[in-house]
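Colleague:
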Amino acid sequence: MMASRGQRILLVVAMLPILAIILLPYLLMLSGALKSPEEIVAREYTVVPRDPQPQNFVEVFRAMPLARFFLNSTIIAVGAMLLVLTCAIPAGYALGRLRFPGRRAVLFTILMTQMFSPIVLIIALFSQFTAYGLLEGWKCFIALILADAACRLAFSIWLLTGYFSTVPREVEEAALIDGCTRPQALRRVLLPICKPGVVTTMIFAFITAWNEFVFALTFVPSDEFRPLTVAIPSFIGQYGADWHLLMAAALLATLPVVAMFLLVEKHLVRGLGAGAIK
Amino acid sequence: MKRRDTLLAMILLAPSAALLIGIVFYPILRTFYASVCEVDRKGIPGRFGTLENFRAIFGSDVFVHDILPQTLIWTVVVVAGTLVISMFVAVALNEHLPGRRLMRAVVLLPWATALVISAAIFRWMLHPTQGPINGLLRSWGVDAPPAWLATPDLAFGSVIAVGIWVSIPFTATVLLAGLQAIPDDLYEAALIDGANAWQRFRMVTLPLLRPVLMIAVVLNVIYVFNSFPIIWTLTEGGPANQTHIIVTWLYRTAIWNREYGQGYAMAVLTFLFLMAFAITYTLVFGREEVERL
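Protein chains in written order, with the numbering used here: chain A, 729 to 1006; chain B, 72 to 364.
#1: Flag residue 304/B as yes if its beta-carbon sits less than 8 angstroms from any beta-carbon of chain A, otherwise no.
#2: Exposed or buried, what is residue 194/B when buried is set at 16 or more other beta-carbons lying within 10 Å of its beta-carbon?
#3: So for residue 736/A, helix, strand or coil by DSSP?
#4: Look at residue 804/A and residue 937/A and say whether their C-beta atoms are less than 8 angstroms apart.
#5: Once DSSP output is grouped into helix, strand and coil, what is the label at residue 332/B?
#6: Let me make sure I understand the geometry here. Which of 849/A, 971/A and 783/A has the alpha-carbon closest to that of residue 297/B?
#7: Does residue 883/A pass the burial test, meaning 16 or more other C-beta atoms within 10 Å, or should it be called exposed?
#8: Is the Cβ-Cβ distance between residue 235/B and residue 153/B less than 8 angstroms?
#9: Less than 8 angstroms separating the beta-carbons of residue 316/B and residue 200/B?
#10: Short of 6 angstroms in beta carbon distance, which residues of its chain neighbour residue 243/B, apart from the five on each side in sequence? Order them along the chain.
#11: Which chain A residues are close to residue 297/B, counting only those with a beta carbon under 7 angstroms from its beta carbon?
#12: Which two residues bound the contiguous beta strand (DSSP E) that contains residue 108/B?
#13: So, using beta-carbon positions, are residue 173/B and residue 247/B closer together than 8 angstroms?
#14: Along the beta strand (DSSP E) that carries residue 23/B, what are the first and last residues, could you check?
#15: With three or more C-beta pairs closer than 8 angstroms as the rule, is the segment 756-767 of chain A touching the segment 970-988 of chain A?
#16: Kindly indicate the opening and closing residues of the alpha helix (DSSP H) around residue 224/B.
#17: What's the gap between the Cα of residue 369/B and the Cα of residue 318/B?
#18: Is it right to say residue 768/A is buried, meaning 16 or more other beta carbons lie within 10 angstroms of its own, or is it exposed?
#19: Do residue 258/B and residue 273/B have their C-beta atoms within less than 8 angstroms of each other?
#20: Considering only their Cβ atoms, is the gap separating residue 190/B from residue 233/B smaller than 8 angstroms?
#21: Are the beta-carbon atoms of residue 916/A and residue 908/A separated by less than 8 angstroms?
#22: Tell me which residue opens and which closes the alpha helix (DSSP H) that residue 818/A is part of.
#23: Can the beta-carbon of residue 839/A be found closer than 8 angstroms to that of residue 886/A?
#24: Listing by chain order, which chain C residues have their CB less than 7 angstroms from the CB of residue 885/A?
#25: Go ahead and pull the three-state DSSP assignment for residue 867/A.
#26: Hey, how far is the Cα of residue 988/A from the Cα of residue 795/A?
#27: Ordered along the chain, which non-local residues of its own chain (more than five positions away) have a Cβ less than 6 angstroms from that of residue 80/B?
Structure (structure tokens):
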């Protein structure tokens, strides 16, 4: 906003407490994850651990089946990501590059589904999935992948439609004249050009499924199939005082997605604000 | 060519249509249908044509006197608090301040963290005897720091604060994108006309940011109204239902207590409320967007 030098200094000074409040839980989580079982419950609170215990990050895999929870989260997130891509790439191509009657109505309908929250759907999905026998054993993964993918689909289709529609018509026509079929032109010409959009959609679908909570809380029939988001908080009751291990697990569960998120954040904004913002 | 395009489009849209119909549209219709049926303890709708489920919800004192006002307060306070702080953050990040990239990364952190994980960290931080917040308060000389999540007003205040904390990244990012689209020469012109910083914000930034601001409001209302993991992990709606909102109450009623009929009816109410917002949302920005594509 072209502030003067004094105003800019004022802005920085005023930003510091906000940044501190945002960072505080992460710093406390790190500090807590490094404490010994005695220090974490000590009456006298220490911000910097007196005797840091990096082995907590190994110990936590023994204290709870954390590797198993990581595997469960990965299965669900990768499955949802693949399903989203399988559906959203063809749909984005059709909506971004083909002209057909009812195209706008389809785009509107898809946009509307973005407004339906998991909570509204959850009872009907729960009784449907129960009836199909999907909430027994490992099959709950199928239920979770279907539900997670469906809830991310609208955003993914919109994001990819935007990317596909910006590629000049001539590029695709050139490929068609050279003898490519439409699917070949999509695979060899359009997809490479739209790679940032496809990668962003992938990572978006992965992260949101990894972080999903309410479907997993409801659909998972037994502890061994729990993803991290359901498993980690459940140790609050069960292992009341093992906060140091809980924080170590929370940190490990968060790191990979934070790294991925920072990679694609710029492209995500484009999709979230969809044009109107640009 | 056009007919072939239509056929191809239908084939390409088929997988998405199947998924959305099966997992979104059919369950919504089923929810509407079941909300006016007698529903058994397994969630299977029976006799059609009764308003008993809605009557049961509105006949409940807890729902009318606690849940509804709490939902309203939660939504309004979290959205308002988020917007004010995010607006400030966005304006600051839009300046070319030293350390801007780092600040941006920090602001985004809570967005990438699972809501339940954030809530679990806060639950530890707010623990009355073992949590860092009371630990720090004690070391600063506060003898008996409060039991944050066990005292009704403090618990509600705590979940609201955490609700704002998790909503800032998304909102600030959307607002920042809007700010970056405002051309610099408008500010230069205002500067030449002698406008001070506040006047420039009010006369240039706010009017031009209006469409983006409206999107931010509508999306935030939808997200916050629907927000389940924070309250569920921090308090499970307690103490004495004083932190429940409609969606957590719905979950408790339907999934815990197996009052599926009431759950369906509450889902319909939630859906209708969100629909009103979805329509606003589409009118504000959807139409323009579809024109552009």
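Don't be surprised by glycine CBs; every beta carbon is placed ideally from N, CA and C. Note that the structure is predicted; figures quoted are calculated from it, not measured.
Modeller: This is what the structure holds:
#1: Interface residue, yes.
#2: Residue 194/B comes out buried.
#3: Residue state, collapsed to three classes: helix.
#4: Contact flag set, yes.
#5: Three-state result, residue 332/B: helix.
#6: Closest by alpha carbon: 849/A.
#7: So residue 883/A counts as buried.
#8: In terms of Cβ geometry, residue 235/B and residue 153/B form a close pair [threshold 8 angstroms].
#9: In this structure, the beta-carbon distance from residue 316/B to residue 200/B does not fall below 8 angstroms.
#10: Within the same chain, residue 243/B has close Cβ partners 157, 160, 161 and 178.
#11: By Cβ distance, chain A contributes 845 and 847.
#12: From DSSP, the beta strand (DSSP E) with residue 108/B extends over 108-110.
#13: No; because the gap between Cβ atoms is not below 8 angstroms, this pair is not in contact.
#14: Nothing about residue 23/B can be reported from this structure: the residues present for chain B run from 72 to 364 only.
#15: Taking 8 angstroms as the limit for Cβ pairs, the verdict is that the segment 756-767 of chain A does touch the segment 970-988 of chain A.
#16: Per DSSP, the continuous alpha helix (DSSP H) segment holding residue 224/B begins and ends at 223-251.
#17: This structure gives no information on residue 369/B, because the portion of chain B shown stretches from 72 to 364.
#18: It is buried - the Cβ of residue 768/A has at least 16 other Cβ atoms within 10 Å.
#19: Cβ atoms of residue 258/B and residue 273/B: not closer than 8 angstroms.
#20: Between residue 233/B and residue 190/B, the C-beta gap is smaller than 8 angstroms, which places the two residues in contact.
#21: Cβ distance < 8 angstroms, so residue 916/A and residue 908/A count as in contact.
#22: From DSSP, the alpha helix (DSSP H) with residue 818/A extends over 794-825.
#23: In this structure, residue 886/A lies closer than 8 angstroms to residue 839/A by Cβ.
#24: Looking at the structure shown, chain C is missing, and the protein chains on hand are A and B.
#25: Here residue 867/A sits in helix by DSSP.
#26: The straight-line gap separating the alpha-carbon atoms of residue 988/A and residue 795/A is approximately 20 angstroms.
#27: Excluding positions up to five away in sequence, the list is empty.
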